[in-house]
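*Asks:* Note that the sequence shown covers residues 323 to 433 in the working numbering. From the three backbone atoms N, C-alpha and C, an ideal C-beta is built for every residue, glycine too.
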Amino acid sequence: FDEFPNDIDTLMSEEQEALTNANKELQRVKDNMGKEEDFIEKMSFPSKKDVVYLNVRGTFMIVKRSTLRICKDSVLERQFDDSTWTDQHPDKSSIKKWSHEEVTGWAKRHA
């Protein structure tokens with residue numbers, strides 16, 4: 323019986339340490355969730371007006387208009403300013419679907 327209380331004390335200490343570690347892990351997960359929510363909020367588009375569809379040398383991109391306006395007094399900042407910007411909606415009918423042969427032919431002609 324003399325060792326029984328020591329065993330219980332050891333088990334209780336281990337239990338307390340496990341709970342402390344679990345609490346730390348839970349807090350870490352909560353912090354990461356907050357960071358992820360902030361990231362999603364920053365990356366989400368509040369309206370279609372703020373979405374810009376670009377075709378840069380054949381690479382299609384979708385960006386936030388505010389991203390293009392980061393550098394103040396730049397050409398892009400002026401081009402996408404509220405006073406000159408009009409809503410842009412991609413016209414799906416203007417996008418041509420190419421076959422493999424058409425792409426290959428185009429690449430050969432422009433190589």
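What number of angstroms, rounded off, separates the C-alpha of valine 373 from the C-alpha of phenylalanine 361?
*Replies:* 17 Å
*Asks:* From serine 335 to valine 385, what does the alpha carbon distance come to, in whole angstroms?
*Replies:* 53 Å
*Asks:* So phenylalanine 402 packs on arginine 391, CB below 8 Å; how close in whole Å?
*Replies:* Indeed they touch by this definition, with Cβ atoms about 5 Å apart.
*Asks:* Count the other CB atoms within 10 Å of the CB of arginine 387; is the residue buried (16 or more) or exposed (fewer)?
*Replies:* buried
*Asks:* Closest by CA to glycine 380, which one among Trp420, Pro327, Asn345 and Leu348?
*Replies:* Trp420
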